[in-house]
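Straight run, no breaks: the sequence shown in this note's numbering ends on number 234.
Beta carbons: idealized from backbone N, C-alpha and C, even for Gly.
Single-structure report; data block below.
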Amino acid sequence: MRTISTTVFSLLVSSLGFSQIYEIGGFLGGSNFIGDVGSSKFVNPNSLAFGGVLKWNRSPRHSYRASLTYTTLSADDKFSDDPKRIDRGYYFKSKIIEASIGLEFTFFDFDLHSIASQSTPYIYTGISTTNHPNFAFYNNELLDEKTSSFAIGIPIVLGFKKTVTDRVIIAVEVGARYTFSDEIDGSEPDAIEYEILRFGNFNNNDWYVFSGLTLTYTFGRKPCYCNF
C-alpha cells in the first residue's frame, strides 16, 4: 500500500512539475470601437493600447490567462461609411481599463520544455470587465454624467505565437470584445433623466477590438528530465 501511495504521489508531483511554467509580460498595440458612433470597420486601430499579461501553462495545448489593458476608445462619425453618421457628426473619447481572465488554446502542441523552436496559432476566450465613463449626446455636445460603469464582455482572440529564445515568447493577436452593454458610446445614457437622448440600434451592443503584440518571459519549475 505504501508503495502504491508513493508511486501515485510521485506521478502527481511529476505532472504538476511539468505544468508549472508561467509567463509574464506586456501587450502593446492599438484599439478601435464598433458601435453606434464612428466607423464600423472591424480591425481599425486608432488609439494606443497597452497592458500586462500573465499565463499559467497547464499543458502544451492550453493555458490559464489573465490580462489588464488600458486604452482610450475613440470614435468619430466623420470616418464612417454611413452618410447619416457623417452628417450627424458625433465624436467621443473614453479612457477605459479592461481586466480579462480565461483560457488560451493552441492549435498545435506548444511545449515550453522543448529545446526546439515552437510556434502555433491560438485562440483565447473567457470573460472581461471594462470600466468606462458615462455620458450622453445633446445637440452634438457631450454631457458628462460624472459617473462610470462596468461593461461585462466576452473576449474572442485569434493569434500566433513563437518562441524567440528558450525563455522569451512573442505573439501577434487580434481580439474582439463583445460587451453586454450599449453605454460605452453614450447611445444609451446611464442616468434615467437622459433616457430621452437615446439613439442608434437598441438591439446591438457595443464592441471594441485590441490588436497588437505580446512579449512574455517564461519562468517556473521544470521536470527533472528536461534540458535546462
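Beta carbon of residue i nearer than 8 angstroms to that of residue j
i	j	result
V163	V49	no
S193	V43	yes
Y128	F113	yes
G31	T220	yes
L54	G36	yes
I160	L79	no
R71	F111	no
G108	I133	yes
Y214	I103	no
Expected contact under 8 angstroms - CB spacing of residue i and residue j to nearest Å
i	j	result
N63	N52	About 33 angstroms; that fails the 8 angstroms criterion.
P139	S100	6 angstroms
D87	S46	7 angstroms
G206	I27	Rounded, the Cβ-Cβ distance is 46 angstroms, inconsistent with contact.
E29	T222	4 angstroms
D82	R94	About 11 angstroms separates the two Cβ atoms, so there is no contact after all.
Identity of the residue in the options nearest residue i by Cα
i	options	result
T169	D115, R71, P161	D115
E147	T222, S46, Y96	Y96
T77	T136, G206, S125, K90	T136
S125	G206, K167, R91	K167
D212	S154, R183, K84	R183
D188	I158, D88, G57, S123	I158
I175	G57, L118, I103	L118
I121	I40, R173, T222, A177	R173
Cutoff 6 angstroms; reference residue i; Cβ partners in own chain excluding five residues on either side
i	result
A142	L149, G192, P195, Y200, L203
F156	T135, N137
Spatial neighbours of residue i in its chain, beta-carbon cut-off 8 angstroms, leaving aside the 5 residues before and after
i	result
F33	A55, F56, G57, G58, V59, S73, T75, F216, G218, L219, T220
- Query: Unbroken beta strand (DSSP E) runs of length 3 or more, entirely within the segment 129-214: which are they?
  - Reply: 147-169, 174-185
- Task: At 3 residues or longer, and completely inside the segment 23-73: list those beta strand (DSSP E) runs for me, N to C.
- Result: 27-40, 53-65
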